[in-house]
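Some notes on the structure that comes next.
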Amino acid sequence: MVATIKLNDQTSIPQLGFGTYLVPPEETADIVGQALQVGYRHIDTAQMYGNEEGVGQAIARSQIPREDLYVTSKLSTGNHRPDDVRRSFDETLAKLGLEQLDLFLIHWPLPTLYDGDYVSTWKAVTGLVADGRLRTAGVSNFEPAHLDRIISETGLAPAVNQIEAHPYFANNTAREASRRHGVAVEAWGPLGQGAALQDEEIAKIAAAHGKSVSQIILRWHIQRGDIVFPKTMRRERMTENFQLFDFSLTPEQVQAIDALDRGEEGRVGPHPDTFAYLPD
Ligand code: NAD
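Structural data, given as structure tokens:
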């Protein structure tokens, strides 16, 4: 049974989902279909992944009732202007075959682009909630200063902040800033995009529980109270990663994994202050 987390807009999100970054568009309907068969009900996609249509096909084929599914997408870095937010959000809904999306995130703050104005982008995203086409508005890769700014200038806090976090980069500064504002944390790259899977310390904890290293890392995230959606193309790993709620780490085991944090050196993705990628 997957736990749920109550968000600051009173909606609930499954704490465990399935990630789709780098799932090739032509394979997405099959891969996400398998994840739904395994039991995942929360899917994380993005305009920039190019695979929203495949996610939509998997959802349609599954015949799972809409209210049992939780679907997230994210605004492309090329669509930050308010008109583009609304236009591209309509395209996202059409590709997913949904009338309403559960969660839509500003994928990156891009403080060095668009004259540093991510506040009007945030206002446009919150406007989608007012329209009823979006249930919950959130952000991704927002550093403490970015969060402070959108909240102080609009009075509207995002429900979630999706940020890089894993044992080698705990990202506690951005996590704690999010929590202070009542913003739930989603940990992207929860396995360090694979980097943390060879860790010897975690392997010892895994042996003690008779679990895999991946399960131990994901359970650590769960006990930190964060939301995770590991990605894999392999069904046996989907099944493994789905089994996180029948065991617990001891406080000592949690602390041993906390101690693996390498700070900025452990970061595998770009820094949000300088990331400035725009798709063609
Ligand atoms: P991840 O940490 O989930 O790692 C994925 C890698 O781990 C893959 O190579 C996979 O083969 C391997 N793996 C997964 N389960 C395994 C298992 N049980 N045993 C052995 N290997 C296993 O990395 P990710 O995909 O980058 O992150 C998860 C999701 O987060 C993405 O799919 C995407 O939905 C989201 N994400 C968001 C952002 C953002 O900027 N908001 C950035 C990256 C990822």
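Throughout the sequence shown, residue numbering follows the working numbering, covering 4 to 283 in sequence. Glycine included, each C-beta is placed from N, C-alpha and C at the ideal position. In this text, all values refer to a predicted model and were calculated from it rather than measured experimentally.
Taking residue i as the reference, give the member of the options with the closest Cα.
{"i": "E239", "options": "Q18, G269, Q40", "result": "Q40"}
{"i": "I95", "options": "L113, V74, P114", "result": "Residue 95 is actually Thr in this sequence, not Ile. The shortest C-alpha separation from T95 is found at V74."}
{"i": "I205", "options": "Q196, G197, L194, I219", "result": "I219"}
{"i": "D249", "options": "R237, R222, T235", "result": "R222"}
{"i": "F245", "options": "N82, R69, S217", "result": "S217"}
{"i": "S181", "options": "Q165, P170, G195", "result": "Q165"}
{"i": "V35", "options": "N54, L19, Q18, P17", "result": "N54"}
{"i": "Q18", "options": "E268, G119, M236, I230", "result": "I230"}
{"i": "A100", "options": "T176, A32, T80, F232", "result": "The question names Ala, yet the displayed sequence has Gly at residue 100. That would be A32, whose Cα lies nearest to the Cα of G100."}
{"i": "L281", "options": "Q13, P170, L78, G141", "result": "L78"}
{"i": "H83", "options": "T124, L108, E70", "result": "T124"}
{"i": "D283", "options": "Q201, E70, T80", "result": "T80"}
{"i": "G197", "options": "A211, A162, T235", "result": "T235"}
{"i": "G299", "options": "F172, L194, H149, A160", "result": "The chain is shown only over 4 to 283; residue 299 falls outside these bounds and no answer can be derived."}
{"i": "S251", "options": "H169, D276, G213", "result": "G213"}
{"i": "A259", "options": "F92, K207, P233, Y24", "result": "K207"}
{"i": "K9", "options": "P68, Q201, A162", "result": "A162"}
Should residue i be listed as close to ligand 1, given that the test is whether its C-beta is under 6 Å from any heavy atom?
{"i": "W191", "result": "yes"}
{"i": "L194", "result": "yes"}
{"i": "K98", "result": "no"}
{"i": "Y121", "result": "no"}
{"i": "R47", "result": "In the sequence as displayed, the identity of residue 47 is Asp instead of Arg. Because some heavy atom of ligand 1 lies under 6 Å away, the Cβ of D47 counts as near it: yes."}
{"i": "T235", "result": "yes"}
{"i": "N11", "result": "no"}
{"i": "T23", "result": "yes"}
{"i": "E243", "result": "yes"}
{"i": "S76", "result": "no"}
Quick check on DSSP: helix, strand or coil for residue i?
{"i": "L78", "result": "strand"}
{"i": "E70", "result": "helix"}
{"i": "L159", "result": "coil"}
{"i": "K207", "result": "helix"}
{"i": "L106", "result": "strand"}
{"i": "G272", "result": "coil"}
{"i": "H149", "result": "helix"}
{"i": "T95", "result": "helix"}
{"i": "P17", "result": "strand"}
{"i": "R265", "result": "coil"}
{"i": "N175", "result": "helix"}
{"i": "W191", "result": "strand"}
{"i": "A38", "result": "helix"}
{"i": "D47", "result": "strand"}
{"i": "K126", "result": "helix"}
With a threshold of 8 Å on Cβ separation, who are the neighbours of residue i within its own chain once the five nearest residues in sequence on each side are excluded?
{"i": "E167", "result": "N144, N174, A190, W191, G192, R270, V271, G272"}
Give me, in chain order, the residues of the same chain whose beta-carbon lies closer than 6 Å to that of residue i; leave out the 5 immediate sequence neighbours on both sides.
{"i": "E56", "result": "K98"}
{"i": "R178", "result": "V188"}
{"i": "A63", "result": "G100"}
Which same chain residues, not among the five before or five after residue i, have their C-beta less than 7 Å away from its C-beta?
{"i": "V257", "result": "W223, Q226"}
{"i": "G42", "result": "F245"}
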